[in-house]
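Peer 1: The end of the sequence shown is residue 198 by my numbering, with every number in the run present.
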Amino acid sequence: MTNSDIISNAPISSEELQQAAQIITALQEELKTYIAQGSGPFLAAIYDDKGTLIAKAANSVVKGKCSHKHAEMNAIKQAEEKLNTFDLAPYNLRLYVTAEPCLMCLGGIMWSGIKTVYFGVPSKRVEEITGFDEGFKPSWLEEFNKRGIRVYGNLAPQIGEDILTFYVKNGHPIYKPSR
Ligand SMILES: [Zn+2]
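(1) Any idea if Ala55 is buried or exposed, counting beta-carbon neighbours within 10 angstroms, 16 or more meaning buried?
(2) Assign Ile43 to one of three DSSP states: helix, strand, or coil.
(3) Within a Cβ cutoff of 6 angstroms, which residues of the same chain sit near Arg113, ignoring the five residues on either side of it in sequence?
(4) Should Met123 and Arg166 be called a contact, given that it needs their Cβ atoms to be closer than 8 angstroms?
(5) So, do the region 103–122 and the region 133–150 have three or more beta carbon pairs nearer to each other than 8 angstroms?
(6) When the distance is taken between beta carbons, is Gly59 closer than 8 angstroms to Ala39?
(7) May I ask which residues mark the beginning and end of the beta strand (DSSP E) holding Ala94?
(8) Rounded to whole angstroms, how far is the Cβ of Leu160 from the Cβ of Val145, which I believe are closer than 8 angstroms?
(9) Checking 8 angstroms against the spacing of the C-beta atoms, do Ala74 and Ala90 come in under that value?
(10) Give the range of the alpha helix (DSSP H) segment to which Phe163 is assigned.
(11) Could you tell me whether the Cβ atoms of Leu183 and Val116 are closer together than 8 angstroms?
Here's what the structure looks like:
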């Protein structure tokens, strides 16, 4: 992977980029187990700046009968409960997620105080592969930058696309409101 492949709003060292891609790859591999247990095809993890895992959660919209239960929202809730706070900013936390956050999760991330976001498959590819609606997005990279949130995406996208394809081919639910 080279820096030119990534979607970003701030500089990054090749060491940090490589480490993030490794974590995203590991999450993609782990995601298969979650899918087998009825989760949606997205997994998020939150680490502190020392590399300690604070929270990890998959999408549980169908299982949990709740449209808000995206992986990012579940992981943020878990982290806030664990740290007993509504403001994660003082903890300098990093969110890793297997696909680009949707419209709702952009808001969830912004109001949580998460400082850095790394993601796998870009929304456009998620929509093309699965038919999920990722929402109408503002120019969020710039808006996140203004708020001091670094973003790096399109990390190890191939393995992520393969898992989304696997999810669809195996007839797992593409949940969205009826229209
Ligand atoms: Zn979402």
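Cβ coordinates follow ideal geometry from the N, Cα and C atoms, glycine included.
Peer 2: Let's see:
(1) Result: exposed.
(2) Here Ile43 sits in helix by DSSP.
(3) Counting only Cβ-Cβ distances below 6 angstroms, and skipping sequence neighbours, we find Tyr66 and Thr135.
(4) No, Cβ-Cβ distance for Met123 and Arg166 is not below 8 angstroms.
(5) Yes: the two stretches touch, three or more of their Cβ pairs being nearer than 8 angstroms.
(6) No, Cβ-Cβ distance for Ala39 and Gly59 is not below 8 angstroms.
(7) Not the beta strand (DSSP E): Ala94 falls in the alpha helix (DSSP H), residues Ala90 to Leu102.
(8) Approximately 17 angstroms separates the beta-carbon atoms of Leu160 and Val145; this is outside 8 angstroms, ruling out the contact.
(9) With contacts defined by Cβ atoms closer than 8 angstroms, Ala74 and Ala90 do not form a contacting pair.
(10) Its alpha helix (DSSP H) spans residues Trp159 to Lys165.
(11) Taking 8 angstroms as the Cβ cut-off, Leu183 and Val116 do not qualify as a contacting pair.
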